[in-house]
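Enquirer: Per the UniProt record's numbering, the sequence shown starts with residue 1, numbered consecutively.
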Amino acid sequence: MEAEPRDLIHRETGTNARGGGLDTRSLTWPLPHGESGSGSRVRGEARYSQSPTRALLHGEVGSGASSSSEARYALTLTREALHVQRLGPRAEQERRLVLPLRHVLGCRRREGDSEAAHFTLSCYLPRRGLVGAGRGCRRVVKTFRVDDGAGAAENRARADRWVAGIRCLLLGVDVPAEAEISLSLLPRPRRLLLLVNPRSGQSLGMQYCHQYVLPMISEADVSYNLVRTEYQNHAKELVQEITLSEWDGIVIVSGDGLLHEVINGLMSRPDWERAIRMPLGVIPAGSGNALAASINHHAGNRMATGEELLQNCILLLCRGCPTPMDLVSVTTSSGRRLFSFLSVAWGFVADVDLESERYRQLGPARFTLGTLVRLASLRRYRARLSYLPAPPGTPPSTTSTPPPHRGRRPLCRSATADGGQSTSHPALCRTLSEAGGWLPPSPYPSAEGFSFEGVSFQEEEEEGFNSDQVSSEGVNSINKSFALVNLKGVNSSPVSSEGVNSVSKDASPVTSERIHSGAAGSEGVNATHRDPGRDPSPHKRAAMLSEAGEGTPSGESPCRDLPPDHLLAPLDCPVPGGWRTLEGDFVLVLAVYQSHLGSELVAAPFARFADRALHLLYVRAGLSRASLLRLFLAMGTGTHLSLGCPHLTYLPVSAFRLEPLGSRPGTLAVDGERVEGGSVQAQLHPGLARVIAGVPPPHRPSGKP
1 MEAEPRDLIH RETGTNARGG GLDTRSLTWP LPHGESGSGS RVRGEARYSQ SPTRALLHGE
61 VGSGASSSSE ARYALTLTRE ALHVQRLGPR AEQERRLVLP LRHVLGCRRR EGDSEAAHFT
121 LSCYLPRRGL VGAGRGCRRV VKTFRVDDGA GAAENRARAD RWVAGIRCLL LGVDVPAEAE
181 ISLSLLPRPR RLLLLVNPRS GQSLGMQYCH QYVLPMISEA DVSYNLVRTE YQNHAKELVQ
241 EITLSEWDGI VIVSGDGLLH EVINGLMSRP DWERAIRMPL GVIPAGSGNA LAASINHHAG
301 NRMATGEELL QNCILLLCRG CPTPMDLVSV TTSSGRRLFS FLSVAWGFVA DVDLESERYR
361 QLGPARFTLG TLVRLASLRR YRARLSYLPA PPGTPPSTTS TPPPHRGRRP LCRSATADGG
421 QSTSHPALCR TLSEAGGWLP PSPYPSAEGF SFEGVSFQEE EEEGFNSDQV SSEGVNSINK
481 SFALVNLKGV NSSPVSSEGV NSVSKDASPV TSERIHSGAA GSEGVNATHR DPGRDPSPHK
541 RAAMLSEAGE GTPSGESPCR DLPPDHLLAP LDCPVPGGWR TLEGDFVLVL AVYQSHLGSE
601 LVAAPFARFA DRALHLLYVR AGLSRASLLR LFLAMGTGTH LSLGCPHLTY LPVSAFRLEP
661 LGSRPGTLAV DGERVEGGSV QAQLHPGLAR VIAGVPPPHR PSGKP
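1) What does the alpha-carbon distance come out to for the pair residue 583 and residue 371?
2) Between the C-alpha atoms of residue 124 and residue 182, what's the straight-line distance to the nearest angstrom?
3) Quick one, are the C-beta atoms of residue 243 and residue 609 less than 8 Å apart?
4) Once DSSP output is grouped into helix, strand and coil, what is the label at residue 326?
5) Would the segment 375 to 394 count as touching the segment 567 to 586 if we require 3 or more Cβ pairs under 8 Å?
6) Return the Cβ separation of residue 193 and residue 251 in integer angstroms, given the expectation that the two are a contact with Cβ distance under 8 Å.
7) Which residue comes first and which comes last in the beta strand (DSSP E) that contains residue 247?
8) Please report the distance separating the alpha-carbon of residue 669 from that of residue 316.
9) Who are the Cβ neighbours of residue 136 in its own chain at under 6 Å, not counting the five residues just before and after it?
10) Counting pairs of beta carbons, one from the segment 280 to 298 and one from the segment 654 to 668, are three or more of them closer than 8 Å?
11) Relative to the C-alpha of residue 637, which candidate in 165, 598 and 675 has its C-alpha closest?
12) With distances taken from CA atoms, which of 109, 291, 622 and 171 is nearest residue 327?
13) Less than 8 Å between the C-beta atoms of residue 711 and residue 197, yes or no?
14) Name the two residues that bound the continuous beta strand (DSSP E) containing residue 673.
15) Determine the extent of the beta strand (DSSP E) in which residue 85 is found, giving its start and end residues.
16) Note the first and the last residue of the continuous beta strand (DSSP E) segment covering residue 60.
17) Mapping DSSP to helix, strand and coil, what is residue 706?
18) Can you give the Cα-Cα distance for residue 217 and residue 117, rounded to whole angstroms?
19) Label residue 624 either buried or exposed according to how many other C-beta atoms from any shown protein chain fall within 10 Å of its C-beta, with 16 as the threshold for buried.
20) Give me the Cα-Cα distance between residue 719 and residue 155, rounded to the nearest whole angstrom.
21) Could you tell me which uninterrupted beta strand (DSSP E) segments, each at least 3 residues in length, are contained entirely in the segment 118 to 178, listed from first to last along the chain?
22) Go through its chain and collect everything with a Cβ distance to residue 191's Cβ below 6 Å, but skip five positions before and after it.
23) So what does residue 283 bridge to, in DSSP terms?
24) With distances taken Cα to Cα, identify the nearest neighbour of residue 365 among 648, 168, 305 and 378.
25) For residue 311, report the span of its alpha helix (DSSP H) as first-last.
26) State the DSSP-derived secondary structure class of residue 656, mapped to helix, strand or coil.
27) Alpha carbon to alpha carbon, how far is residue 253 from residue 595?
28) Should residue 332 go down as buried or exposed, given a rule of 16 or more other Cβ atoms within 10 Å for buried?
29) Check whether the Cβ atoms of residue 591 and residue 287 sit closer than 8 Å, and answer yes or no.
30) Where does residue 180 sit, in a helix, a strand or coil, going by DSSP?
31) Buried or exposed for residue 617, please, with buried defined as at least 16 other CB atoms from any protein chain shown within 10 angstroms of its CB.
32) Does the beta-carbon of residue 640 have 16 or more other beta-carbons within 10 angstroms, so that it is buried, or is it exposed?
33) Nearest CA to the CA of residue 679: which residue from 627, 667, 689 and 112?
34) Cβ atoms of residue 388 and residue 567: under 8 Å apart, would you say?
35) Please report the distance separating the alpha-carbon of residue 353 from that of residue 376.
36) I believe residue 694 touches residue 220 by the beta-carbon criterion, under 8 Å. Please report the beta-carbon distance rounded to the nearest angstrom.
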């Protein structure tokens, strides 16, 4: 049995808190009028409070699905954790378990044959081990039995209160008095559009979806449609045509390149101001995974790679919390304008990124190999670099990495891009091009877990239950299959008035009722459904689009009224006043606006999603290969700025211009994607987009926009 990290699961004995848990005396639950103190252990009223130690729900429950289990527990729900105390002759001396809600993915009521009601918690606990060990999270499932009511109806009502209370806290919904807690408080399931690049990185995107993404978001009661991209700019074309009101977020399962497509597709819509407010999520399935690593860093998690980073990002995605994210407008020498969320790289970094594409099947190791290859033949480039310094005090301190978040991170409900309207709009025109089979069983073992007071805390399958039996009384159904969506001009049907989980044939999103009832087709769930008129050629893009709206751009043509680059002058004109210019030989120039440049490359550890600064780093020519190698090794931990390297300079800026000089223009990459060489300039646009970060944005003092 593996011991848990002390900051993950807290156990306490009596009132002597161990591992950071709460003192039992700090848990208070006000009594309803007329009740005596003796009943306070089971039926408190608990008004909503901002205090993290205030008890919102309290009750006595049994353990497991079977009444044969004699274990009894007192449960107390606070805003930060679920407290579990074993009841017995020496209850005061028994250890109390404190389960932080940040590790809880879902909670639902399960149906049984007896009068008792049951509810189940699904948790994902990080394992101990070295970073990069690929250990991931451990799935822990626990079922509690509510059997102290007057009958089956009252037991179900009490179980529903626990389900509603826990899920409200996970979604950031205010929890009222216990008597008023009900499933009606829960918002409808979020609807996510998942875009998967099956060829990104090591071509594991679809495997990750089957094995991790879809089972976990189903446990969190999230509805979805899944689209497998087929060619370059497919995602860009898709988001140019979607109906925004159908979706609560767009999630890419890929590397950073697919998100670059999505952002530029949204910005090329006539309604770009509304479109770019669509919450954007990312599940790492590429080689670099810079934004995914930045999201993980922002949440206060330790640096992670592989399976651990993947599961961390899925957990944060399920919690929602869209937070503002800066975008950067980049103008190239040809006059092309594009929007960037990650970086503009020139010189060494761009060379490594683009030239290592030949080693794509190595995954993140391609960058290590590419770095060694490029170090063996180090290049230098001559250029003129101009920049506009950021206003004083704009970026955070560069002297240290911000401390991790140890407390619970409040969870916010993801709003729809159209202001939270219900699904009364016509669905996106589509057909099911392919219907996937049933999802495979969860890959997480049930034998490995922890126990307290002799009772296992990880019953994967409770006796007497089918894993698919979920209460239909207010609890939304769980998706068991996925749809590959084809965008075509097919008449769609509106979402059924019976609810978002009762979906007509062409509506979105696909839910379990549709799959269970055979809506995937009479040939079976593995049948392929194709429209006779479908032309798979990537060159005939118009045939792949739905709702061919008037004037909707589908290529590179700019949209009117895009945010102006008021800090920039045309590339063929001198820079405006107030700018600073330097000229010389460089090894690299890097403008980055996320903390990470890769899952193991911390370029700006102090960067935040909306800190209103471009973090400009450049390395002058003249340093040795060994010094440059030390610099990049230090960047693996984010300590490169503290090395005192005289050739490295960091500047927080609001805009910059780079003009290559001489016969070697150098390689230019934007968000890891190659763009035409030559002069380039860029300007920051604060908080233009929104990213699903899983934690609320930092509080900004009043008086600052």
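We put the beta carbon where it would ideally sit given N, CA and C, even for glycine.
What you are looking at is a predicted structure, and each value in this text was computed from that prediction instead of being measured.
Expert: Inspection of the coordinates gives the following:
1) Residue 583 and residue 371: Cα-Cα distance of roughly 26 Å.
2) Between the alpha carbons of residue 124 and residue 182 lies a distance of about 25 Å.
3) When the beta-carbon positions are compared, residue 243 and residue 609 stay at least 8 Å from each other.
4) The answer is strand: DSSP assigns residue 326 an E or B state.
5) Yes: at least three Cβ pairs fall under 8 Å.
6) Going by Cβ atoms, the distance from residue 193 to residue 251 rounds to 7 Å, so yes, they are a contact pair.
7) Here residue 247 belongs to no beta strand (DSSP E), and DSSP marks it neither H nor E.
8) Approximately 29 Å between the Cα atoms of the pair.
9) Only 307, 308 and 311 meet the Cβ criterion.
10) The segment 280 to 298 is not in contact with the segment 654 to 668.
11) If we check each option's Cα against that of residue 637, 598 comes out closest.
12) Nearest of 109, 291, 622 and 171 to residue 327, Cα basis: 291.
13) Coverage of the chain is limited to positions 1 through 705, which leaves residue 711 absent and any answer about it impossible.
14) Start and end: 673 to 675.
15) Run containing residue 85: 81 to 87, per the beta strand (DSSP E) assignment.
16) Per DSSP, residue 60 belongs to the beta strand (DSSP E) from 57 to 63.
17) A query on residue 706 cannot be resolved here, the shown segment of the chain reaching from 1 to 705 and no further.
18) Cα-Cα distance, rounded: 24 Å.
19) Of the residues assessed, residue 624 falls on the exposed side of the cut-off, its CB having fewer than 16 other CB atoms within 10 angstroms.
20) An answer regarding residue 719 cannot be provided, because it is not within the stretch 1 to 705 covered by the chain.
21) Complete beta strand (DSSP E) runs here, min 3: 137 to 146.
22) Same-chain partners within the cutoff: 223, 247, 248 and 509.
23) Partner(s): 253.
24) Checked all of 648, 168, 305 and 378; the closest Cα to residue 365 is 305.
25) That run of the alpha helix (DSSP H) goes 306 to 319.
26) In the structure shown, residue 656 sits in a strand (DSSP, three-state: E or B).
27) Here the alpha carbons of residue 595 and residue 253 stand approximately 20 Å from one another.
28) Buried, because 16 or more other Cβ atoms sit within 10 Å of the Cβ of residue 332.
29) No; because the gap between Cβ atoms is not below 8 Å, this pair is not in contact.
30) Correct three-state label for residue 180: helix.
31) Its Cβ being crowded by 16 or more others within 10 Å, residue 617 is buried.
32) Buried, by the Cβ-count rule.
33) Comparing C-alpha distances from residue 679 to each of 627, 667, 689 and 112 shows the shortest one belongs to 667.
34) Against a cut-off of 8 Å, the Cβ pair of residue 388 and residue 567 comes out as a contact.
35) Taking the straight line from one Cα to the other gives about 16 Å.
36) Taking the Cβ atoms as the reference, residue 694 lies roughly 12 Å from residue 220, outside the contact range of under 8 Å.
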